[in-house]
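Here the working numbering is used: the first residue of the sequence shown is 149, the next is one more, and so on.
Worksheet: one structure, shown below.
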Amino acid sequence: MTFDRSVKIAPSILSADFADFGREIQAVEAQGADWIHVDVMDGHFVPNLTFGPPAVKAFRHHVKTFMDVHLMIAPVDAYIDAYADAGADMLTAHVEAGPHPHRTLQAIKAAGMKAGIALNPGTPAEAVRDLLPLADMVLVMTVNPGFGGQKFIDMTAKVRTIRDWIGDREIHIQIDGGVTPQTAPLVVEAGADVLVAGSAVFKGGSVANPAPYGENMRAIRASLA
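Structure, rendered in structure tokens:
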């Protein structure tokens with residue numbers, strides 16, 4: 149991945165039609181998605197259960213942009229190779245998911261993927277400061293992980309702090325949770341450059357009528373102008 153500092157929109161397929169993931173991915177990419185965001189949940193680290201490696205591998209056949217896989221699971225390390233085999237371009241683990249996040253990031257990179265580290269809203273920025281030399285991205289959760297459609301929690305101060313620590317290093321800051329045309333400008337101004345959006349992208353559209361996907365993404369981009 150060539151580093152690109154422009155703001156990217158990463159629709160979360162957790163908000164797509166579960167009966168038609170392949171065509172949903174194709175539709176949202178055709179409408180202007182930069183990345184495809186895949187939320188993996190284990191029913192243990194978070195109170196929901198979603199996609200395992202076989203599902204992610206099936207999604208990979210349809211993703212033409214960049215597949216961004218967010219692991220909301222614990223433990224992580226035992227599954228890194230499986231998600232590498234599934235075709236993840238970026239694999240993000242939570243700093244809260246285990247006692248050895250440095251080792252987790254090293255293992256993700258050793259498996260040939262970009263490495264992200266995620267922070268829950270209640271976790272201070274300081275938890276990732278020493279991990280930045282190993283990270284390609286820091287994911288700042290702006291909802292409590294586990295479900296889509298939650299209300300945005302303002303983490304702009306945390307984003308600013310992390311952006312200051314990053315400086316000119318090639319590290320993305322991703323926001324996940326409650327991203328809309330109203331909240332996107334707040335986090336981008338603070339230093340975020342990858343916006344995960346689920347219901348804000350998929351609302352009002354379908355595979356048969358994908359135009360609203362593009363309209364929703366353009367509304368988010370327009371809010372940043």
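Just so you know, even glycine gets a beta-carbon here, dropped at the ideal spot from N, CA and C.
Fair warning: this is a prediction, and the values are worked out from it, not measured in the lab.
Coarse secondary structure for residue i, derived from DSSP in three states
| i | result |
| --- | --- |
| Thr391 | Because residue 391 is not part of the residues shown, which for the chain are 149 to 373, the question remains open. |
| Asp216 | strand |
| Ala359 | helix |
| Leu343 | strand |
| Pro159 | strand |
| His250 | helix |
| Gln410 | Nothing can be reported for residue 410, as the shown portion of the chain is limited to 149 through 373. |
| Val188 | strand |
| Val194 | coil |
| Val276 | helix |
| Ile321 | strand |
| Pro281 | helix |
| Lys351 | coil |
| Leu372 | coil |
| Phe169 | helix |
| Ile221 | coil |
| Ala338 | helix |
| Ala255 | helix |
| Asn292 | coil |
Spatially closest choice to residue i from the options, by CA coordinates
| i | options | result |
| --- | --- | --- |
| Leu334 | Ile368, Ala266 and Leu279 | Ile368 |
| Asp302 | Asp278, Gln174 and Asn268 | Asn268 |
| His250 | Ala370, Asp165, Leu280 and Pro329 | Leu280 |
| Ala226 | Leu253, Phe207 and Ala332 | Leu253 |
| Val342 | Gly352, Gly235 and Ile319 | Ile319 |
| Thr426 | Gly346, His248, Ala259 and Ala245 | With the chain represented from 149 up to 373, any question about residue 426 goes unanswered, as that position is not in the structure. |
| Gly270 | Arg317, Val243, Lys205 and Ala259 | Val243 |
| Lys257 | Asn357, Ala340, Asp284 and Gly339 | Asp284 |
| Val355 | Ala206, Val155, Ile161 and Ile157 | Ile161 |
| Ser154 | Gly339, Asp190 and Pro360 | Gly339 |
| Ala305 | Arg317, Pro272 and Phe169 | Pro272 |
| Pro159 | Lys351, Glu274, Val336 and Pro201 | Lys351 |
| Phe169 | Glu363, Pro329, Gly362 and Phe199 | Phe199 |
| Gln179 | Ala359, Met238 and Pro329 | Ala359 |
| Phe207 | Leu372, Glu172, Pro223 and Met365 | Glu172 |
| Pro247 | Ala259, Lys156 and Ala275 | Ala275 |
Host alpha helix (DSSP H) of residue i (start-end)
| i | result |
| --- | --- |
| Gly180 | Per DSSP, Gly180 belongs to no alpha helix (DSSP H) and is neither H nor E. |
| Tyr307 | Per the sequence shown, residue 307 should be read as Val rather than Tyr. Where Val307 is concerned, the enclosing alpha helix (DSSP H) stretches over Thr304 to Ile314. |
| Tyr231 | Ile228 to Ala234 |
Supposed contact pair residue j and residue i - C-beta distance, whole angstroms, cut 8 Å
| i | j | result |
| --- | --- | --- |
| Val344 | Asp324 | 4 Å |
| Val349 | Val176 | 7 Å |
| Phe193 | Ile221 | 5 Å |
| Gln174 | His209 | Gln174 to His209, Cβ: 10 Å. No contact. |
| Leu219 | Ala203 | That belief does not hold up - the Cβ atoms of Leu219 and Ala203 are roughly 13 Å apart, past 8 Å. |
| Lys205 | Ala234 | 4 Å |
| Val288 | Ile310 | 7 Å |
The beta strand (DSSP E) enclosing residue i, as first and last residue numbers
| i | result |
| --- | --- |
| Ala203 | Here Ala203 belongs to no beta strand (DSSP E); instead the alpha helix (DSSP H) covers Pro201 to Arg208. |
| Leu267 | Lys262 to Leu267 |
| Val327 | Where Val327 is concerned, there is no enclosing beta strand (DSSP E), given that its DSSP letter is neither H nor E. |
| Val288 | Met285 to Met289 |
> With contact counted as at least three CB pairs below 8 Å, one residue from each stretch, are the region 172 to 185 and the region 205 to 215 in contact?
Replying inline: yes
> Do the region 294 to 308 and the region 252 to 265 touch if we need at least three Cβ pairs shorter than 8 Å?
Replying inline: no
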